[in-house]
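Asker:
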Amino acid sequence: MSPPLRVGIISAAWGAKAHLPAWRSLDGVEVTAICTSRPETAAKAAEDFKVARAFHDFRAMAADPEIDIVDCGTRPPLRFDMVMAALAAGKHVYNGIPFAKDLADARAMADTWQSARTVAVVDAFMQAVPAMVQMKAMIDAGWIGEVFGADVAFEVPLFSAAQTNVPGYVWFADPANGASAGRNLGSHMLHLLVHFFGPVASVTADQSLTLKAWPLEGETIRPAVPDRASMLLRHASGLPTRLEANWCKIGGDGFRFSVWGSKGRLEARAPVFPMAHDTRLFGTQNPALGSAAVGEIAIQPEYLAVPGCRAVADRPETGLLALASIFAKMRDAINGDGAAAPDFAQGLHVQEVVEAAATASHERRWIDL
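Using the UniProt record's numbering, read the sequence shown as starting at 1 and increasing by one per residue.
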């Protein structure tokens, strides 16, 4: 039996709280290190999360010969140097979303990955949620017939005039962090659309800032990025799709992903971010005029388990089974079995779409990629 792959996680926030349980659910993987920006916080994180080794310098972690995979879980401007250091050291890399703060960084990371010839994966785990995996399999098998179109929306009040519901994410307000509703929420949905329907050939968009102030514990955050984005996309196949992202919509419907064709329609729904335990699948093949009803479709057992993984689909931990599924494919690819996805090539393409959408909104025109 091969020795376990050793993972070092950079971040005691999202990386430790969400990624660590998923890595630990896998056979053949061991989380051996955690890294924060200071010795005292690194030591505390290692103690709190029961990780053997603590680092306060990501370069030292990247260079360590006893680490195989570096999981980078911080905001985009910080992640760039971390990813580049890990790739330069020949490490396999897991990179967050948004992929990069801008297109130059995205291209540099993708080029370095191609040269390093290691396994590098992006944190777009929506496509691994069981309902989405079954939905794609049904579409590929012809359940809705010829695909005519799709729309996807993620509309929730992360921020409102009354309160900030995600205080840990106020960094979204600063354009220097590569943030916006289209870049953050939109990137996740774009990965899903590209995974289902292939690359995007052209895009037009409308993006704007609506909520000018976020209240936060006695202070006011003044965002300087769009908090809503509408995108019309034309895939290389010719298929049209539509995307809506809004992080200030009070009473928003959460997540909805609808695909329709010549024989019917399928729709995945989640109350907030799609997770294995709360994303439900609906569908109809009823062609009757005015019939909007869709019935719930049970998720089949084969989509609720991952080989070599002890994660359980109905547990509510953030992203647990979907993350574990992405990690498992990464583990298998490193061991020479199959390909990991979504990889840095897909990450770069989505970044290209994000940047083109921003230009399209500013110039009020379609942009060809």
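From the three backbone atoms N, C-alpha and C, an ideal C-beta is built for every residue, glycine too.
(1) Gly73 and Trp14 - do their beta-carbons sit closer together than 8 Å?
(2) If you reduce the DSSP assignment to three classes, tell me which class Gly295 lands in.
(3) Going by beta-carbon coordinates alone, are Pro223 and Gln207 separated by less than 8 Å?
(4) Measure the C-alpha to C-alpha separation of Glu66 and Thr112 and round it to an integer number of angstroms.
(5) Give me the Cβ distance between His19 and Ile10, rounded to the nearest whole Å; I'm assuming they're in contact under 8 Å.
(6) To which residues of the same chain is Leu216 closer than 8 Å at the C-beta, ignoring the five residues directly before and after it?
(7) Run through DSSP, which three-state label would Trp171 get?
(8) Bridge partners of Gly254, per DSSP?
(9) Contact between the stretch 190–207 and the stretch 226–245 is defined here as three or more beta-carbon pairs at a separation below 8 Å; is this criterion met?
(10) Using a Cβ-Cβ cutoff of less than 6 Å, which residues in the same chain neighbour Ala46 once the five nearest sequence positions on both sides are dropped?
(11) Per DSSP, what kind of secondary structure is Thr36 in: helix, strand or coil?
(12) Going by beta carbon distance, what residues of the same chain come within less than 6 Å of Thr204, once the five residues before and after it are set aside?
(13) Please list, in chain order, all residues of the same chain as Ile326 whose beta carbon is under 7 Å from its beta carbon, the five residues on each side excluded.
(14) One question on the structure: do Leu192 and Phe257 come within less than 8 Å of each other, judged by their Cβ atoms?
(15) Which of the three DSSP states is assigned to Glu30 in this structure?
(16) When the Cα atoms are used, what is the spatial distance from Val312 to Arg228?
(17) What does Pro240 pair with, by DSSP beta-bridge criteria?
(18) Just mark Lys212 as buried or exposed, buried being the case when its beta carbon has 16 or more other beta carbons within 10 Å.
(19) CB-CB under 6 Å to Phe255, same chain, minus the five flanking residues each way: which ones, in chain order?
(20) Quick test of the definition: if touching needs 3 or more C-beta pairs under 8 Å, does the stretch 307–323 touch the stretch 138–150?
(21) How should Ala356 be labelled, buried or exposed, when 16 other C-beta atoms within 10 angstroms of its C-beta is the threshold for buried?
(22) Is the stretch 89–107 touching the stretch 337–350 in the sense that three or more CB pairs, one from each, lie closer than 8 Å?
(23) Would you list the residues sitting across from Trp366 in a DSSP beta bridge?
(24) Can you tell which of Val83, Ala52, Val51, Ala43 has the C-alpha that lies nearest to the C-alpha of Ala62?
(25) Taking the DSSP output, what are the residues bridged to Asn95?
Answerer: Looking at the atomic coordinates:
(1) yes
(2) strand
(3) no
(4) 22 Å
(5) Not really, about 10 Å apart at Cβ, beyond 8 Å.
(6) Thr164, Pro167, Val170
(7) helix
(8) Glu155
(9) yes
(10) Ile34, Ala54
(11) coil
(12) Leu232, Ala360, Trp366
(13) Val121, Phe125, Ala128
(14) yes
(15) strand
(16) 34 Å
(17) Arg234
(18) exposed
(19) Phe154, Ala270, Pro274
(20) no
(21) buried
(22) yes
(23) Its beta-bridge partners do not exist; DSSP assigns none.
(24) Val83
(25) Cys72, Val122
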